[in-house]
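*Asks:* Can you keep this structure in mind? I'll have questions shortly.
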Amino acid sequence: METDWRSKIVIRQGDITETEADAIVNAANTDLKLGAGVAGAIRTKGGPLIQQECDKLSPVRLGDAVITGGGNLPARYVIHAASMRLGGRTTEPNLREATRNSLLRAKEKSLKSIAFPAIGTGIAGFPLDRCAEVMGAEVRDHLKGETSLEQVEFVLYDKPSLYMFQHAFAKVAD
Numbered sequence: 170m171e172t173d174w175r176s177k178i179v180i181r182q183g184d185i186t187e188t189e190a191d192a193i194v195n196a197a198n199t200d201l202k203l204g205a206g207v208a209g210a211i212r213t214k215g216g217p218l219i220q221q222e223c224d225k226l227s228p229v230r231l232g233d234a235v236i237t238g239g240g241n242l243p244a245r246y247v248i249h250a251a252s253m254r255l256g257g258r259t260t261e262p263n264l265r266e267a268t269r270n271s272l273l274r275a276k277e278k279s280l281k282s283i284a285f286p287a288i289g290t291g292i293a294g295f296p297l298d299r300c301a302e303v304m305g306a307e308v309r310d311h312l313k314g315e316t317s318l319e320q321v322e323f324v325l326y327d328k329p330s331l332y333m334f335q336h337a338f339a340k341v342a343d
C-alpha cells in the first residue's frame, strides 16, 4: 500500500541549523554568499568549509540548487536554493523552481530526509503566506511521484510562520 504523502511532512518551530536531517536547505543567492538570515546562521554554525565549497560552485543560475557538505552542522549536506540574486528579491517563479530543484538534488543523492526554511521570506521579501502555498504545492507534487524522501520538514523560526505554514498545508492537502 502506498504511503500518503502528507504523512511524510513535519512542520515545526525551531532552528534549522540544529536539525538532524540528511540535508537542510539554505535560502541562497546566485553568488552563494552566506550573508544574513538562514545563510548567515549556516555560515556561523557550519564553519568556513561550507562557504569555501560554495565559492567553488558559484555563480549558479537563478532557481537552481546545489549541494555542499554540512560542515559542523548536524545535517550531512546543505542544499543551496538560489531563489534570488545577491541583494535582490525572491519571486514566485524563482521560489517554485528553487524548491523543485532542492527536492531533485535530494532525490539525486537518494536522501531520506530534508528540512526547509521559509525560503525568501527574510531579506528577500517574499510574502510568507504565498511562500507556504508555493513550497507546499511543490513538496506535495514531489512526494506524489518517485522519491527517496521519507520525511520533509519545514523548520520555521517563529510561531506566526509556523501557523502560516500549517494553514497553507491544510489548503494544499485538500
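Heads up, the final residue of the sequence shown is numbered 343 in the numbering used here, and it's a clean run with no missing numbers. The beta carbon of each residue, even a glycine, is placed where N, CA and C say it ideally should be.
1. T186 to P262, Cα distance in whole Å?
2. Closer than 7 angstroms by C-beta to E171: which residues in its own chain qualify, once you throw out the five before and the five after it? Chain order, please.
3. Determine the extent of the alpha helix (DSSP H) in which T237 is found, giving its start and end residues.
4. Taking the CB atoms as reference points, tell me whether G183 and V324 lie closer together than 7 angstroms.
5. Here's a check: name, in chain order, each residue in its chain whose Cβ is nearer than 6 angstroms to the Cβ of E189, leaving out the five neighbours to either side.
6. What separation, rounded to the nearest whole angstrom, lies between the Cα atoms of A337 and C300?
7. Hey, L272 and H311 are a contact pair by Cβ (cut 8 angstroms); roughly how many whole angstroms apart?
8. Quick one: which unbroken beta strand (DSSP E) runs of 3-plus residues sit fully inside the region 215-261? Chain order, please.
9. Check the C-beta distance from R203 over to R212 and give it rounded, since I have them as a contact under 8 angstroms.
10. Just to confirm, are N198 and L255 a CB contact at a threshold of 7 angstroms?
11. Counting only C-beta atoms, is L318 closer than 7 angstroms to chain B at any point?
12. At what residues does the beta strand (DSSP E) containing F323 begin and finish?
13. F285: which of W174, I178, K177, I193 sits nearest, CA to CA?
14. Per DSSP, what are the beta-bridge partners of V308 in this structure?
*Replies:* In brief:
1. Position 17 of the sequence shown holds residue 186. Position 93 of the sequence shown holds residue 262. Taken atom to atom, the span from the alpha-carbon of T186 to that of P262 is near 26 angstroms.
2. Sequence index remark: in the sequence shown, residue 171 carries index 2 (1-based). With a pLDDT of only 48 at E171, under 50, the local geometry of the prediction cannot be trusted, and the value read off the model is given with reservation. None.
3. For the purposes of this step, residue 237 is taken as residue 68 along the sequence shown, with counting starting at 1. The continuous stretches of alpha helix (DSSP H) do not include T237, which lies in the beta strand (DSSP E) extending over residues 234-238.
4. Counted from its first residue, the sequence shown places residue 183 at position 14. Counted from its first residue, the sequence shown places residue 324 at position 155. V324 is positioned such that its CB atom lies closer than 7 angstroms to that of G183.
5. Looking up residue 189 in the sequence shown gives position 20. Closer than 6 angstroms at Cβ, skipping near neighbours: P243.
6. In the sequence shown, the residue the question calls residue 337 occupies position 168. In the sequence shown, the residue the question calls residue 300 occupies position 131. Straight-line Cα distance between these residues: approximately 9 angstroms.
7. On the sequence shown, residue 272 is found 103 positions in, with the first residue counted as 1. On the sequence shown, residue 311 is found 142 positions in, with the first residue counted as 1. Indeed, because the Cβ distance is near 4 angstroms, the residues count as touching under 8 angstroms.
8. 234-238, 246-253, all fully within the region 215-261.
9. Within the sequence shown, numbered from 1, the residue matching residue 203 stands at position 34. Within the sequence shown, numbered from 1, the residue matching residue 212 stands at position 43. Residue identity differs from the one stated: residue 203 is Leu in this sequence, not Arg. So it is a contact: roughly 4 angstroms between Cβ atoms.
10. By one-based count along the sequence shown, residue 198 stands at place 29. By one-based count along the sequence shown, residue 255 stands at place 86. Yes, these two residues count as a Cβ contact at 7 angstroms.
11. Judged by its chain identifiers, the structure shown contains no chain B, having just a single protein chain.
12. Start at 1 with the first residue of the sequence shown, and residue 323 comes out as number 154. Where F323 is concerned, the enclosing beta strand (DSSP E) stretches over 320-325.
13. In the sequence shown, counting from the first residue as 1, residue 285 sits at position 116. Minimum Cα distance to F285 is reached at I193.
14. Start at 1 with the first residue of the sequence shown, and residue 308 comes out as number 139. None; V308 has no bridge partner.
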